[in-house]
Structure formats: C-alpha cells, structure tokens
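Let me begin by presenting the structure, written as structure tokens, before commenting on it.
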Amino acid sequence: MLRNPGRQDRFIFAKDTDRRGRFLLLAAVATLALLGIVGHLTGCYDEDPDEEVDTLSPNPDGASVGYASLNPDESLLPDYREGWILPYKGFEDSLLAIQGTTLANVLEITNAIRDHIDFSRIYAGESLRVWFDAEGKVQRFTYSPNIVTFHNLVRSGATGKFEYSYTRLPTETRRRIIGGEMQGTLNASLAQRDDVTTWIRQAVNNALEGMISFNTDARNGDRYRILVEEEFAEGRRIPGGRVLYASYEGKVAGHREAFWYEESDPKSAYNAHYTVEGKALASSGMRLPVDRIHVTSTFGYRIHPITGRRSMHNGVDYGGRVGDPVYAVASGTVATAAQDPYSGKKIILRHIDGTETYYLHLSAIGVRQGAPVKGGQLIGRVGNTGRSTGSHLHFGIRQKGQWVNPLRIKMIAAPVLTGDRIEKFKDQLRDIRALLEKTAASG
Ligand SMILES: [Zn+2]
Numbered sequence: 189m190l191r192n193p194g195r196q197d198r199f200i201f202a203k204d205t206d207r208r209g210r211f212l213l214l215a216a217v218a219t220l221a222l223l224g225i226v227g228h229l230t231g232c233y234d235e236d237p238d239e240e241v242d243t244l245s246p247n248p249d250g251a252s253v254g255y256a257s258l259n260p261d262e263s264l265l266p267d268y269r270e271g272w273i274l275p276y277k278g279f280e281d282s283l284l285a286i287q288g289t290t291l292a293n294v295l296e297i298t299n300a301i302r303d304h305i306d307f308s309r310i311y312a313g314e315s316l317r318v319w320f321d322a323e324g325k326v327q328r329f330t331y332s333p334n335i336v337t338f339h340n341l342v343r344s345g346a347t348g349k350f351e352y353s354y355t356r357l358p359t360e361t362r363r364r365i366i367g368g369e370m371q372g373t374l375n376a377s378l379a380q381r382d383d384v385t386t387w388i389r390q391a392v393n394n395a396l397e398g399m400i401s402f403n404t405d406a407r408n409g410d411r412y413r414i415l416v417e418e419e420f421a422e423g424r425r426i427p428g429g430r431v432l433y434a435s436y437e438g439k440v441a442g443h444r445e446a447f448w449y450e451e452s453d454p455k456s457a458y459n460a461h462y463t464v465e466g467k468a469l470a471s472s473g474m475r476l477p478v479d480r481i482h483v484t485s486t487f488g489y490r491i492h493p494i495t496g497r498r499s500m501h502n503g504v505d506y507g508g509r510v511g512d513p514v515y516a517v518a519s520g521t522v523a524t525a526a527q528d529p530y531s532g533k534k535i536i537l538r539h540i541d542g543t544e545t546y547y548l549h550l551s552a553i554g555v556r557q558g559a560p561v562k563g564g565q566l567i568g569r570v571g572n573t574g575r576s577t578g579s580h581l582h583f584g585i586r587q588k589g590q591w592v593n594p595l596r597i598k599m600i601a602a603p604v605l606t607g608d609r610i611e612k613f614k615d616q617l618r619d620i621r622a623l624l625e626k627t628a629a630s631g
C-alpha cells in the first residue's frame, strides 16, 4: 500500500506551536542534562536569540513523494503520527514539529539514530513517523529518505532502549544513455526533456561546468551523452540517481568526459565526478576548509543548547584543535580579516562569482585584507575566539545576500585522486566504459 501525504495529514503541524512553547520551557532542563550525550558541546552559540521561526506554515514542497507502508502492525500501537523534514529545517526541528513529540523524545531519537544517518544529507519532504503507546511514550520511529529506505528505531521490551534497524525494499537498477544536441544552453536543452529529472540535470551541469566554460565555449549543435543509473521500486523511480558518465563534444570546447567515482563510504568527500586523469570536477572547484571533516553542528534552525530557544545557525561547525590549518575553499580575495567579540578572529573571502565564505573563531589569521588567495591556500588556524564554547571552525557561505548550507554545495576532498584512490578510480572508469558499450547495445 502506498501512502500519499495529503493536505489533512500536513495540517497537524499547525496545531503544534503552543504545545512546543510549553515543552521548550520544561525541556530546557532535559536539554542540559542530555547535552553531553548529544554531543553539541562544541559549537557557536552566537546566533540571534530573538530569531524565531514560523512553524505555522511548513509548506513542505518536497512532500510529493508517496511512501510505502512498511510496518503492517502499525495499527497495534494506538497513536501513530507522520511528519516530514521541513524546508530549511533540520532533523530535530522537523521531528519536534510532529504533534505530540517533546524535546526529550527528539533528543532520545536523535541520539539513537545519529550514528546511522548523515544529518547533513537530509532533504525537505523526507518522511518521519512516530508511534506512541497509550502513555504517550515513543515506542517506534522511522525515518525514510525515499520510498524504499527505512531507518527504524524500536523500543526493546528487555532494555527499554531503542534498537536500530535498517530496511531496504527490493529495487531494480536501470541504466540508460541520454544523448542529444545542444540548443541554447545545456541546462535548457536538458530541461526540455521529460526523461531527465532535475536531479540528473543538476548532476550533469555540476560535472561538466568544471571543465567547460559554457558562457564562452558552448555552441548550438554541440553534442552531449550521459549514462544515468537510477533505482526503481514497484515500477516507480526513486528520487536521486547517479550520472555515471557525461561527455560533451563541442565545436569550441572539444571532447570532454566526466566519470563518477564512489567509495564504499557514502559520506566520503571523494565521491564526485572526475576527468579521465582523476582530476576532480566539483562545481566551482570548492575545496574543504579543514583537513578533517567532522561536522559538530549543521546549518539551519535548531534548538539552542543553552537557552532552549530556536535559533538559526547560518553555517557549519567543523570540530578541530586549536592551530589546525584552515584553507580557502576557492580562489578569491580577502574581503575582511579582523576580530570582533562575536565572531572572534575572522576571515571573509569574496570569490569570483560574488559568493562570500566566512571562517570564524580562528586562533590566527594569516592573510591581509585585499590580498588575493588561491583555493586550498592556508589562510588561518582553528581557534576558540569570540562567542564560542570550544575549539572549532565555523564556516559559512553567503550567496546573493543569503546564507546557504555549505554542505549542500559540493565540496571535494582533494583536487586530484592519488595513491590507492587513483587505482580504484581506474577500475571504476573501466567498468563505466564497459557499461556504456553494453547499455548502448541494449538500448
Ligand atoms: Zn557555528
């Protein structure tokens, strides 16, 4: 049975606001008690405390996907509620928006599931389901990022604690080759096709933008060829998919190819498109600002760990030791290199497309205002200056005056694959070439 979230289902969000105000007060104590467990000890608590979010109009525009009903025994529990990851909100806030959930519930669920899902890769519209017992205690929880994948927590009768399980319904992998001739822009050419999803179109653009200057080198009649891999369940396409290969044959741009490389760790920052030589092709060539990726706090609205209020965290916190190197994520110029009581020692870089990147709470600044910097250049050191409760880098990205989620912007771990990775890449490249031939023959 497939469930399609309708208007009435969504309505439950609207009734929730005054409950939440009460819970926030009551749960402030619980928050402090659980702080250590949740692991938010390091971070910036420097957001505007008066910034409150409008929870009355969640408008989950991504919520058009139907979700399969996994648990046939859901009727055994008297109280079942369904919600969604809300636009511009994190996992915790979206969970809290489900009627009946308390901050204590949210913290318990988050703590039990945090090792199994990547909070920086959740998207609006993904399904959250909570089952309460007669006493209002959460007995079961499911986070479902798509129609076939389920992360389940079930309270164990023996221990009283949540036990985690992962379920994936059987799927079918389908590969196809999409080819065509460019008219106007590549983006427009792909957008016209009804066999190319927005997801795939963006992936192709991101891959090819890294090696073709579309503004100057694209011509009508240039040709593209794409190998797409998508998963289907019960005949329905699962949102997402991979662009295993994209090529461009241009009068001016020449022959260009991009290959998908992926490691067994789905969170690996090396998972990206590369040239045949193993040179990374992430859009805008963004690099990581730190050597080690350990996100201690993600972007978005969250519950302030000290005041219990909801506030906006307009960047990402990377855990690190005082003195760890901080790098420019792309080339640009130093717009600000200064210090204030709020951000501590900070650097703001302005990049060629107008994007600004922010590096806060530094222990040392290594660049002067106005100086040009290259992507990957050492610009400062991780610190704990300003309003910060532990050594970390607060990294923010501003585009057209708006804060954007840095984790949604593709950043790559290294500009060129080396060592074992380049060997693995060559294997995968060979596999992709074989798939191209096979798929072309069968299509
Ligand atoms: Zn921060």
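Taking the working numbering, the leading residue of the sequence shown gets 189, the next gets one more, and so forth. Ideal Cβ positions, reconstructed from N, Cα and C, are used throughout, including at glycine. The structure presented is a predicted model; accordingly, all values stated were derived computationally and were not measured.
#1: With A395 and V336 assumed to form a contact (beta carbons below 8 Å), what rounded beta-carbon distance in angstroms separates them?
#2: Are there three or more Cβ pairs, one per stretch, closer than 8 Å when the segment 450–469 is compared with the segment 609–627?
#3: In terms of DSSP beta bridges, what is A526 paired with?
#4: Would you list the one or two residues that DSSP bridges to G313?
#5: Leaving out five residues on either side along the sequence, give the residues of the same chain with a beta carbon under 7 Å from the beta carbon of G520.
#6: Looking at the secondary structure, which residues open and close the alpha helix (DSSP H) in which T298 lies?
#7: In whole angstroms, give me the CA-to-CA distance for F350 and Y506.
#8: Per DSSP, what kind of secondary structure is P358 in: helix, strand or coil?
#9: In whole angstroms, what is the alpha-carbon distance linking L283 and T385?
#10: Does the distance between the C-beta of H482 and the nearest non-hydrogen atom of ligand 1 fall short of 6 Å?
#11: Flag G503 as yes when its Cβ comes closer than 6 Å to any non-hydrogen atom of ligand 1, and as no otherwise.
#12: Would you kindly check if the distance between the Cβ of G584 and the Cβ of V514 is under 7 Å?
#13: Let me make sure I understand the geometry here. Which of R389, R364, F329 and M370 has the alpha-carbon closest to that of S353?
#14: Could you tell me which residues DSSP pairs with Q590 in its beta bridges?
#15: Ends of the alpha helix (DSSP H) at D281?
#16: Could you please give me the residues that DSSP links to E351 through a beta bridge?
#17: When you measure from the CB of H582 to every non-hydrogen atom of ligand 1, does any distance come out below 6 Å?
#18: Could you say which of D528, D608 and Q590 lies nearest to L575 if we only look at CA atoms?
#19: Per DSSP, which residues does H501 bridge with? Please list them.
#20: Distance cutoff 7 Å, beta carbons only. Does R269 sit that close to anything in chain C?
#21: Let me check understanding here. Comparing Cα to Cα, which of W387, E369 and S499 lies closest to S435?
Considering the structure as presented:
#1: Not really, about 26 Å apart at Cβ, beyond 8 Å.
#2: yes
#3: K534
#4: Answer by DSSP bridge pairing: none, since G313 is not bridged.
#5: L537, R538, H539, I540 and V561
#6: L291 to I301
#7: 28 Å
#8: coil
#9: 29 Å
#10: no
#11: yes
#12: no
#13: F329
#14: Q587
#15: F279 to L284
#16: V342
#17: yes
#18: The sequence shown places Arg at residue 575, rather than the Leu named in the question. R575 has its Cα closest to that of D528, out of D528, D608 and Q590.
#19: G488
#20: In summary, chain C is missing from the structure at hand, where a single protein chain is found.
#21: E369
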